[in-house]
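Novice: Next up is a structure, given as structure tokens.
Protein chains: 2
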Amino acid sequence: MTTSHTAPTLASVPPANRVATRPVRADGRRNYDALLQAARKAFAARGTSASLDEIASAAGVAIGTLYGHFPTRDALLEAATRDELAGLLALDVDAEPLTGLRTWVLHAVAFCSTYRGFVSTVAQGAHDEASLWREGCHAMETRGAELLAAAQRAGRVRREVTPVELFDLVGAAAWLRENAGPDHDGSTRLVDYVLDGISRP
Amino acid sequence: MTTSHTAPTLASVPPANRVATRPVRADGRRNYDALLQAARKAFAARGTSASLDEIASAAGVAIGTLYGHFPTRDALLEAATRDELAGLLALDVDAEPLTGLRTWVLHAVAFCSTYRGFVSTVAQGAHDEASLWREGCHAMETRGAELLAAAQRAGRVRREVTPVELFDLVGAAAWLRENAGPDHDGSTRLVDYVLDGISRP
DNA sequence: ACCTGAACACCGTTCAAGT
DNA sequence: ACCTGAACACCGTTCAAGT
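Quick note, the sequences are listed as chains A and B, same order.
Heads up: the first sequence begins at -19 in my numbering, then just goes up one per residue.
Heads up: the second sequence begins at -19 in my numbering, then just goes up one per residue.
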């Protein structure tokens, strides 16, 4: 095998697994950005199942243009939440391990509930090999696992708790944030009860 | 006002709030039952957003017949889960308050995750006045509140915990049961961590 | 009282024709 | 390289005609 190791071309990636990239031509970039802005607005207002027709209209482009840039709804969602994920992964937390863990978990919960319905999509990414969020989920799990391990090393959290269980807590609390009553913050309460359950004085 | 207090007639209830009832005519009852059976199968296989066309076909009736018996998807879902809810409400639990509370919570979690997507519908019922699950949610909350209060009276659970928070735990754990990885029971773990967090020795 | 299925509406997705 | 919008498919929902 003397073939050089080339990056995957656009054509080699099936549409379902293709990540959206910002075009080079000026009109393409304008439309791409307008679509993203419209998508964020629509997802925020109607959840992740917002009408794609509506998004295209709001962005002032034809529906085919939307599909040209974002082959699937997930590709659009992923692009619309990419910055928030980067922010979460770069988050600096408190040096005290238990406080730091709590802060990070609450930020992860906020990220996963960016839009109504988003957390289910993200959770898929943890198990589905082909999901666009596989890498992102992996990175989140890794960061969470680090903070968990640090808290365990410091004797602040029970040794038996696993990274997967921490990830489960983030998902469950995010679902609560999306679905609980409007006038009461159940997700933070849930996180605190669990941290009480797994922490040591 | 001398008008007698009559029960609401069919016509007085808007379709969205109408609860399905078993018809009196023999052919109607046959179709009603066949639809329910097909619905349970379809919901179990594809979640609560299963195709209604498919359900009607599987039941061997026209789509109009389905709508005749069940004016909305929620009406069909409610009828398909009515027995399970009754079972939950009639559940006898252990006399030891904390054990009893745990058993009931796990059964409530199982009920709310009967079908993929079901828990979000149920959670709506807790806040939406018009939901078909309003009564059911209220009954669940009442039963949960009873068991919670008993555990608190016995000094086994922190006084500050509220019935709404218990209901939130049930919903969050049910979401996990619907969405977590297939080979790992994250929802029971979550319940146990929370019970650890709120219980007293 | 209940059943049927055509008709309509809505929305996601593709693709041939264009610049 | 990118845009357009008609065309198709799928599915939920209604309703006039029937038994």
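Every residue gets a Cβ at the ideal spot worked out from N, C-alpha and C, and that includes glycine.
Can the beta-carbon of Ser93(A) be found closer than 8 angstroms to that of Glu158(A)?
Specialist: yes
Novice: Got a sec? Which residues, its chain only, sit under 6 angstroms from His87(A) by beta carbon, not counting five neighbours each side?
Specialist: Once the five neighbours on either side are set aside, the close Cβ partners of His87(A) are Leu68, Leu71.
Novice: CA-CA distance, Thr79(B) and Ala154(B)?
Specialist: 19 angstroms
Novice: According to DSSP, is Val4(A) helix, strand or coil?
Specialist: coil
Novice: With 8 angstroms as the threshold, decide whether the Cβ of Ser100(A) is near any Cβ in chain B.
Specialist: yes
Novice: Please report the residue range of the alpha helix (DSSP H) in which Trp155(A) lies.
Specialist: 143 to 159
Novice: First and last residue of the alpha helix (DSSP H) that includes His87(B)?
Specialist: 77 to 92
Novice: To the nearest angstrom, how far is the alpha carbon of Ala47(B) from that of Ala160(A)?
Specialist: For the record, residue 47(B) in the displayed sequence is Tyr; it is not Ala. C-alpha separation (whole angstroms): 30 angstroms.
Novice: Please list the partners that Val174(A) has in chain B, where partner means a Cβ-to-Cβ separation under 9 angstroms.
Specialist: Leu170, Tyr173, Val174, Asp176, Gly177
Novice: If the cut-off is 7 angstroms on Cβ atoms, which residues from the stretch 129 to 160 of chain A count as contacting chain B, listed in chain order?
Specialist: Val144, Glu145, Asp148, Leu149, Gly151, Ala152, Ala153, Trp155, Leu156, Asn159, Ala160
Novice: According to DSSP, is Ser29(B) part of a helix, a strand, or is it coil?
Specialist: coil
Novice: From this set, Ala60(B), Ala14(B), Leu65(B), which residue's C-alpha is nearest Glu191(B)'s C-alpha?
Specialist: With chain B running from -19 to 181 in the structure shown, residue 191(B) is simply not present.
Novice: Where Phe20(A) and Ala60(A) are concerned, what is the direct C-alpha to C-alpha distance, given to the nearest angstrom?
Specialist: For the sequence presented, residue 20(A) should be read as Arg rather than Phe. Their backbone Cα atoms lie some 6 angstroms apart in a straight line.
Novice: Using a Cβ cut-off of 8 angstroms, pull out every chain A residue sitting near His107(B), in sequence order please.
Specialist: Gly161, Pro162
Novice: Mind checking which residues open and close the alpha helix (DSSP H) that includes Arg133(B)?
Specialist: 114 to 133
Novice: Are the beta-carbon atoms of Ala22(A) and Ile35(A) separated by less than 8 angstroms?
Specialist: Yes; because the gap between Cβ atoms is below 8 angstroms, this pair is in contact.
Novice: Taking CB distances under 8 angstroms as the criterion, tell me whether Ala90(A) reaches chain B.
Specialist: no
Novice: Could you tell me whether the stretch 166 to 181 of chain B touches the stretch 134 to 141 of chain B, where touching means 3 or more Cβ pairs closer than 8 angstroms?
Specialist: yes
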